[in-house]
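Engineer: Take a look at this one; I'll ask things after.
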Amino acid sequence: MKPTVIFFILIFILTSCKELLDLETTDSINSENAIETEIDLQKAIRGCYDALQADNYYGRMLIVANEIGSDNAYNGGTILEFAQFNNNNVQEDNLYIEGMWFTPYVAINRCNTSIYYALRMKNLTEDKKNEYLAELYFLRALNYFNLSRLFKNIPLILEPTFSDNNLNVGLSDQNVIFEQILSDLAFADNKINNNDPYFASDLAVKTLLAKVNLEIEDYIQAIKYADHILTSNKKLLDKYESLFTIPKNTESIFELSYTELLSDRNRLAEYCLPTSLGGRYEIAPEKSLLESFEPNDTRKNLFLGEIPYCNKYSNITSGDDNVYIFRLAELYLLRAEARAKINGNLSLIRNDINKIRNRAGLTSIYSNSYSELLQIIETERRHEFAFEGHRRFDLIRTDRATDILGISENNYYFPIPLAEINSNSEID
Amino acid sequence: MTLKHLTGLLIVIFWFNHINLYADNSDSLSINIENKPLKELLSEIEKQTDFTFVYSNSEIDVGQTISYNIINESLINILNEFFLAYNIQFQIIEKHIILQKPEQGLSYQHPQKVSGIVKTKLDSFPMPGVNVFIEGTLIGTITREDGTFELSIPASYENLTFSFIGYKNEEVKIANNKNIQIFLSEETKEIKEVVVVGYGLENSILLSSSVSNIKSDFINISFTPDVPASLKGKLTGIYINQNSGTPGGANTLRIRGISSITAGADPLYIIDGVPLFSRDFSQIYFNGQSVNSLTDITTIDIESITILKDASATAIYGARGSNGVMLITTKRGRNNSETTLQFNSKYGVQQVAKTYNMLDAKEFMQYKNEAAINDGGVPIYSESEINNNNINTNWQNNLYQIAPIQNYDLSFSGGSQKTNYFLTASYLQQDGIVQGTDYYRINTRVNLDHQYSEKLKIGTSLAVIKSENNRKEGDQSLNGPVPNAIALPPTFPVYNEDGTYNDDGPLANPISIANQHINTVYNWRNIGNLYTDYKLTKNLAYKFKVGIDYINFREHTYDPPTARQGAKYNGLGIETTSEALKTLVSNILNFNKSFNNIHHINILTGYEIEKEKVSSTFMRGTSFASEDLEYLISAVEKVSADAFVEEFAMNSFLGRIKYNMKNKYLGTINARVDGSSKFSKNNRYGFFPSGDIAWRVSEEDFFSFNFINRLKIRASYGITGNDKIPNFLYISRFGTSEYANTSAIYPINISNPDLKWETTRQMNLGLDLSLFRNRIQLTADYYRKKTEDLLLEKPIPVSSGFENITANIGKIENIGFEIALKTINIDKKLIWESHLNISSNQNKVTQLHNNQPIENIGRGYQRIEVGEPIGIFYGYNSLGVDPSTGDIVFEDINNDGIIDINDRKKIGDPHPDYYGGFLNSLSYKNFNLQIFLQFSYGNDVFNATRRYIESMKGIDNQTTDVLARWQEPGDITDIPRATNADPNENNRVSSRFIEDGSYLKIKSIKLSYNINNKFVHNLNLSEFNLFIMGQNLYTFTNYSGMDPEVNYAGADIIRTGVEFFTYPPAKIYSAGLTIKF
């Protein structure tokens, strides 16, 4: 009798435990249900901004590659791989190269994913849909712009990754990438209504258009977009130092927001400040940079200490220094450079340059030589945007990297990381 | 699928109970005779069976009048009951029952029912399969799995005999004992033989699978209340590495190599049938200073530990058996014994075993000047600065201290007839050799068993553990005391003139950190179970067990603004908690049957459910109101507050059939079906079968080598699994984040609904040999383990936005052998015993996705590639220093004239070729001397510390090795020139930093004395033992770092054998005593 009783008890246990193994996720959302409403789409778009914050992207490496990888800075801390950037000898297996390749593609995939869901979303007006798409195309274009300036020829991917099929995409030439960038920006132009510099705006779209056109040497277009921005309500700040103490100021066009939340902060202050202030001093300014400033240049005041360090990112405790993606000053120098390249109006060129110089407490220049003016523009760019991730890109764009940095054209762009080469059958 | 199988199994068992294979069960007789001659009874029996009686009329009076009434009873029981009551002896030969002369006059006496339990004398382990019989008769039985027996004996018989191979026979007067306890002692001097195996006990003579077993006195030889440390070098097949000298730090344990790359390589730990958590719940990342589940367990209450190694032993644990299983059994009391009390105490001092020789202030300044000049600059320090400098800090000496370690424990054990108990409490306090670190742990335990009735036994094992660990940040930060004490230049003082800590140096002052950084782990743990054992029938028992492992883990850290790390944040505090509960409900049916005393069968089936839930919180705050307030309530900025939950569930069906013929031919079949919540419905259940056979050759009649006491050969094969991957990988998910104070979501992964278990197939051949009256005992095993469907991140083109997808790709194999040799060299007044363990394991990765290697892992830049062991060192090959330039020449492997990443190759392998231990124990009169050595051969170590302290660049102080650096053309040396810029990258990852880590350690030398005089007897002490001991006394090695057993990444699977400013181990000198009442 007893054995039969147990038999049935056991069967009872068995049948009642089917749900035992069906557990629910507690900290993430099943992707089947993730983007269903407009609010979901907005959150997904913000995920694209979140991707820009990565340490290996705007949060550190764009600056490391451009500053340590140029004559502005050297590797002053304990990270051994940064020496390769300093020596212009970055190897394919450098971990940071992998990060610099990966993080923009993460951002691109988030953009592609959001575009996919936006196109299919019901209950969304055509206007609203286009505005969201404009924002996403702009962000995607920004990511491709950065990637191509770093690596030159890269895979062009316009569809989201939902499975591991068909992921082996070969390299596209840089001009193909730029075509896509311009096409994305053409759509985005004049569609975004927002004015908050933490997010994409029409001025941001136009700034990127100006920069891209400068890069591909379409100077007329570059000037056209710069004109538009320089006649908007954006204004240069009176004091240069205020750029780094006042967030969302009148000069800021597109600024990446960081907060003190552990998952939302950056380590730039930690990487720039010396060890005596609790930092790591990884990105250390070259003596030559500081010596190149003219005596009264207020921009030099952002470099402090007997052993100088950059103080643009100083919130080491909270890690919430914002990072400029675009600010107004750049457009002045961009327009001046474009005009100088087409032998444009000398006084207009000088005006733009002197706006920047005067703001920095320097006297105006009076040169009449285009080549001299281009030289001055190059120096002003260096001083205006030191430690903001511009120098190396600028020297390569103007074909001056060989003269200034001593690198050959083969070394202008970073090698495609080993991780991609090993896993992508279309790239070797 | 599951229901059908279980039903089938159950049917088989219940049917088995009624199977006819033996005469005593075959016939069901009914007799009803009133006052008739005995002859009629005989005829009746002959009629109802096909037996015939044979007897002599002169001996047996078949005319006498008897009455006998019985219904549906078996023949043998009738023969027992009736004939023996009349003192008529009978013998069954084929189909004849032969009756013999009765001893006394015919009179009916009721037979006695005797029952009891048979245990081993030395450790009270129940003994299954023991013969219980009356000498010269057929009356007898065999003890069950739990050692119990019942027998019906005629009243006239006085003596009962107990016998079992390997043990001395015991003859016992029955008297009036209804419930006897018998203790059998071994025939010859050897290690105890009853071994705990998966879901049961086994006599080691009859073991047919590959296990290593160790009993409590061997565990406690070095008196380390730390389980991994007390097992290292004593068992074959398990690789144990200390990793660092951190008090309470985690050890690495690997049974038969690494069988997984991502899904966990730790063995399954089980205490008294309850599986333990084996994770580290620290959320503040500490690398080599993390803890693991064995950290809380003390060796004091352990009776034995069995390591299950081959597929047959581990398959009963199914999906968690791939990495081997460690069964820990705690001590229990003995029935019918007086209370014994035991007190152990130990007090020792620890001293750092080895430090680095760093440059002094003058040498440091000179080297710095030289480096500056070599880079085209000017000297940093002037002549007068160098000569007049009076600051010369030896930071390491300032940081390390002589630290005490103490352990006290007290235990009570005893029992009445029905109940037994074992109670213990112990206290361990270990100060760290690094200032500001220490660890204490309190263990308490209650083990109770109660025989409620003949059929029902209940019991519990309950441990309550509390520990606190004061840690300091380790090697991965610029704020660790050990790294900074090694690397900080000697030109800075510890204190300023005003007594405050000097923090002018490039790294934070390590003494300041050690004394001001607060970092404490508070740990509370309950491990316990409740069980009932119910005898359904004579042969079938049901065991129900509920067990839990509960951990409450809390971390509290605070960096005041007066320390450099805290200054950065104006005070930094972190609080984390984890509450983890693992519950096991287990139902086991155990069936035992013997036939003709020749065939023994044991069948086990079971159903288990296991659930886990971990709830965690994490909080971080900065800007504290005052440096003396260390809790987050005083933090102005709360920069992080997270809470999250993880759950896991598993259900399993398990079964085993063990067959034993004549104790000579042994075989087992195991199977387990596991279902896990980690996998999608496609692959939720896994099936894991295995089997083994063994042959005790020495028991064969043809076996005539007298000097060989025992020879057993065995073979096994089977499949086990591994499921330790993160939850929910099989669905694609979006995660949450934030941007500009609004919430954001983003895709985390690409799903793989086909994810399934990693599967290991293992083959084992083994040999157990005893020679010369067991004075030489050898166990040898050879195995091959092949694991496939490794859960690996399959790299996908990174341009897709994801780096990888988790898939079952990849294969790895482990092939090796193990030898355990025990010899009793001298056995006279002086007794000398030796134990030697050697294990060897060759690991090889045999398949990866597209054979793409995975590289640059960790600070050792380790690599996984097909055809090599996991985690090899890979880099440039240094050919030495060029005497003309002072730079290192690297091998141009592809001969293309450039040195680039194509010139890298395998430069080292962190895994040892052989490892093991050698213990010698000498006893003379009351003295005993034990010398314990451990060795490892063939393991390489990547000394990543030297990449900083021998680099001659950057801010760090350098070792005195750099005094031999190249300084001018023509110098021949192996240290390159001093240069900060290092254009040749002399400092790159190369064979320059790979060293041979083979070692032989004098792990412990212990001298003890047993006091045995009137004084001791007067106090009623049964033992009074004093000892002195030295541990970690010396390491013979070519390794230049602090300890060749180092690993900065703790128990990590891939990052092994790398030193990076890791907390060094200590020498310990101690003394203590043991008192037993």
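First to last, the sequence lines map onto chains A and B.
For the first sequence, the numbering used here gives the first residue as 1, with consecutive numbering after it.
For the second sequence, the numbering used here gives the first residue as 10001, with consecutive numbering after it.
In this text, a Cβ means the ideal position worked out from N, Cα and C, and glycines have one as well.
Starting from the N-terminal side, write out each stretch of the alpha helix (DSSP H) that is 4 residues or longer and does not extend beyond the segment 10725-10812 of chain B.
Structural biologist: none
Engineer: Cα-Cα, which of Q10351(B), I10831(B) and S10384(B) is closest to Q10366(B)?
Structural biologist: As a working note, residue 10366(B) is residue 366 in the second sequence. Ranking the options by Cα distance to Q10366(B), first place goes to S10384(B).
Engineer: Since G10129(B) and H10600(B) are thought to touch, with beta carbons under 8 Å apart, how far apart are those beta carbons, to the nearest angstrom?
Structural biologist: If you number the second sequence from 1, residue 10129(B) lands on position 129. If you number the second sequence from 1, residue 10600(B) lands on position 600. Rounded, the Cβ-Cβ distance is 6 Å, consistent with contact.
Engineer: Please confirm whether R10620(B) has its beta-carbon closer than 8 Å to some beta-carbon of chain A.
Structural biologist: Translated into positions along the second sequence, residue 10620(B) becomes position 620. Yes, its Cβ sits closer than 8 Å to a Cβ of chain A.
Engineer: Between the C-alpha atoms of Q10283(B) and Y258(A), what's the straight-line distance to the nearest angstrom?
Structural biologist: Mapped onto the second sequence, residue 10283(B) falls at position 283. Mapped onto the first sequence, residue 258(A) falls at position 258. Between Q10283(B) and Y258(A), the C-alpha separation is close to 24 Å.
Engineer: Mind checking I11075(B): buried by the 16 CB within 10 Å criterion, or exposed?
Structural biologist: Numbered from its first residue, the second sequence carries residue 11075(B) at position 1075. Looking at its Cβ environment, which holds 16 or more other Cβ atoms inside 10 Å, I11075(B) is buried.
Engineer: On a Cα-Cα basis, can you pick out the residue from Q10435(B), T10605(B), L10572(B) and E10370(B) that is closest to P10510(B)?
Structural biologist: Sequence index remark: in the second sequence, residue 10510(B) carries index 510 (1-based). It is Q10435(B) whose Cα lies nearest to the Cα of P10510(B).
Engineer: Can you check whether the CB of Q10350(B) is closer than 8 Å to the CB of A11066(B)?
Structural biologist: The residue given as residue 11066(B) occupies position 1066 in the second sequence. The residue given as residue 10350(B) occupies position 350 in the second sequence. Yes.
Engineer: Find the residues of chain B that neighbour E260(A), judging by a C-beta separation of less than 7 Å, and give them in chain order.
Structural biologist: As a first step, residue 260(A) is located in the first sequence; it is residue number 260 there, counting from the start. Simply E10637 and V10639.
Engineer: With distances taken between CB atoms, is the gap from N10213(B) to F10164(B) smaller than 8 Å?
Structural biologist: Residue numbering aside, residue 10213(B) sits at position 213 when the second sequence is read from its first letter. Residue numbering aside, residue 10164(B) sits at position 164 when the second sequence is read from its first letter. Contact flag unset, no.
Engineer: Can you find a CB in chain A that lies within less than 8 Å of the CB of N10072(B)?
Structural biologist: The residue you call residue 10072(B) lines up with position 72 of the second sequence. Chain A, which has no Cβ nearer than 8 Å to the Cβ of N10072(B), makes this no.
Engineer: Tell me the start and end of each unbroken beta strand (DSSP E) in the segment 10252-10285 of chain B that is at least 3 residues and wholly inside, in chain order.
Structural biologist: Counting only runs of 3+ residues, the beta strand (DSSP E) found wholly inside the segment 10252-10285 of chain B occupies 10252-10255 and 10268-10271, in chain order.
Engineer: With 16 as the cutoff for other CB atoms within 10 Å, does Q10091(B) come out buried or exposed?
Structural biologist: Position 91 of the second sequence, counted from the first residue, corresponds to residue 10091(B). Exposed: under 16 other Cβ atoms inside 10 Å.
Engineer: Which residue wins for smallest C-alpha separation from N10072(B), given the options N10032(B), P11044(B) and P10561(B)?
Structural biologist: Taking the second sequence and counting its residues from 1, the one referred to as residue 10072(B) is at position 72. Residue N10032(B) is the option with its Cα nearest to N10072(B).
Engineer: Are the segment 231-242 of chain A and the segment 168-184 of chain A touching, with three or more C-beta to C-beta distances below 8 Å?
Structural biologist: no
Engineer: As an exercise, report each continuous beta strand (DSSP E) stretch of at least 3 residues that is fully enclosed by the segment 10651-10729 of chain B, in chain order.
Structural biologist: 10665-10676, 10685-10696 and 10708-10722
Engineer: From V212(A) to L21(A), what distance separates their C-alpha atoms?
Structural biologist: If you number the first sequence from 1, residue 212(A) lands on position 212. If you number the first sequence from 1, residue 21(A) lands on position 21. If I take the Cα positions, the gap works out to 54 Å.
Engineer: Quick check: what's the CA-CA separation for T10583(B) versus I10527(B)?
Structural biologist: As a working mapping, residue 10583(B) is identified with position 583 in the second sequence. As a working mapping, residue 10527(B) is identified with position 527 in the second sequence. Between T10583(B) and I10527(B), the C-alpha separation is close to 10 Å.
Engineer: Would DSSP call T10622(B) helix, strand or coil?
Structural biologist: Here residue 10622(B) refers to the residue found at position 622 of the second sequence. Strand, per DSSP.
Engineer: Using a Cβ cut-off of 7 Å, which residues of the segment 10740-10753 of chain B contact any Cβ in chain A, in chain order?
Structural biologist: Closer than 7 Å at the C-beta level to chain A, one finds these residues of the segment 10740-10753 of chain B: A10740, N10741, T10742, S10743, A10744, I10745, Y10746, P10747, I10748 and I10750.
Engineer: Please say whether S10991(B) and S10878(B) have beta carbons closer to each other than 8 Å?
Structural biologist: As a working mapping, residue 10878(B) is identified with position 878 in the second sequence. As a working mapping, residue 10991(B) is identified with position 991 in the second sequence. Yes, the Cβ-Cβ distance between S10878(B) and S10991(B) is below 8 Å.
Engineer: Restricting to Cα atoms, I'd like to know which of G10414(B), G10116(B), S10467(B) and G10415(B) is closest to Y10439(B).
Structural biologist: Position 439 of the second sequence, counted from the start, is the residue given in the question as residue 10439(B). The shortest C-alpha to C-alpha distance from Y10439(B) to any of G10414(B), G10116(B), S10467(B) and G10415(B) is the one to S10467(B).
Engineer: What in chain A is Cβ-close to F10644(B), meaning under 9 Å?
Structural biologist: For the purposes of this step, residue 10644(B) is identified with residue 644 of the second sequence, where counting begins at 1. The contacting residues are T26 and D27.
Engineer: Under three-state DSSP, which class holds Y309(A)?
Structural biologist: On the first sequence, position 309 is the one that residue 309(A) refers to. Correct three-state label for Y309(A): strand.
Engineer: Residues of chain A with CB under 7 Å from D10674(B), in chain order?
Structural biologist: In the second sequence, the residue the question calls residue 10674(B) occupies position 674. By Cβ distance, chain A contributes nothing, its closest Cβ being about 10 Å from D10674(B), past 7 Å.
Engineer: According to DSSP, D10438(B) sits in a beta bridge with which residue or residues?
Structural biologist: For the purposes of this step, residue 10438(B) is taken as residue 438 along the second sequence, with counting starting at 1. Its beta-bridge partners are D10431(B) and N10470(B).
Engineer: Is there at least one Cβ from chain B nearer than 8 Å to A34(A)'s Cβ?
Structural biologist: In the first sequence, the residue the question calls residue 34(A) occupies position 34. Yes, contact with chain B.
Engineer: Using the C-alpha atoms, what's the distance from S10230(B) back to I10221(B)?
Structural biologist: By 1-based counting over the second sequence, the position of residue 10221(B) is 221. By 1-based counting over the second sequence, the position of residue 10230(B) is 230. Answer to the nearest angstrom: the Cα atoms are 8 Å apart.
Engineer: Which residue spans inside the segment 214-273 of chain A form an unbroken beta strand (DSSP E) run of at least 3?
Structural biologist: 252-256
Engineer: Can you have a look at S10056(B) and say buried or exposed, based on whether 16 or more other CB atoms are within 10 angstroms of its CB?
Structural biologist: For the purposes of this step, residue 10056(B) is taken as residue 56 along the second sequence, with counting starting at 1. It is exposed - the Cβ of S10056(B) has fewer than 16 other Cβ atoms within 10 Å.
Engineer: Using 8 Å for Cβ pairs, my map puts M100(A) next to A65(A). What's the rounded Cβ distance?
Structural biologist: In the first sequence, residue 100(A) corresponds to position 100, counting from 1. In the first sequence, residue 65(A) corresponds to position 65, counting from 1. About 7 Å separates the two Cβ atoms, so the contact holds.
Engineer: Name the residues in the segment 190-217 of chain A whose C-beta lies less than 9 Å from a C-beta of chain B; which are they?
Structural biologist: D196, Y198 and F199
Engineer: Does L119(A) have its Cβ less than 8 Å from a Cβ in chain B?
Structural biologist: Along the first sequence, read from residue 1 onward, the residue named residue 119(A) stands at position 119. For L119(A), the answer is no, since every Cβ of chain B falls outside 8 Å of its Cβ.
Engineer: Please confirm if the segment 298-317 of chain A is in contact with the segment 100-117 of chain A, defined as three or more CB-CB distances below 8 Å between the two stretches.
Structural biologist: No: fewer than three Cβ pairs fall under 8 Å.
Engineer: Quick one, are the C-beta atoms of I10888(B) and D10903(B) less than 8 Å apart?
Structural biologist: Start at 1 with the first residue of the second sequence, and residue 10888(B) comes out as number 888. Start at 1 with the first residue of the second sequence, and residue 10903(B) comes out as number 903. Going by C-beta atoms, I10888(B) is not nearer than 8 Å to D10903(B).
Engineer: Start and end of the alpha helix (DSSP H) containing A186(A)?
Structural biologist: The count along the first sequence starts at 1 and reaches residue 186(A) at position 186. Counting along the chain, the alpha helix (DSSP H) containing A186(A) begins and ends at Q174 to A188.
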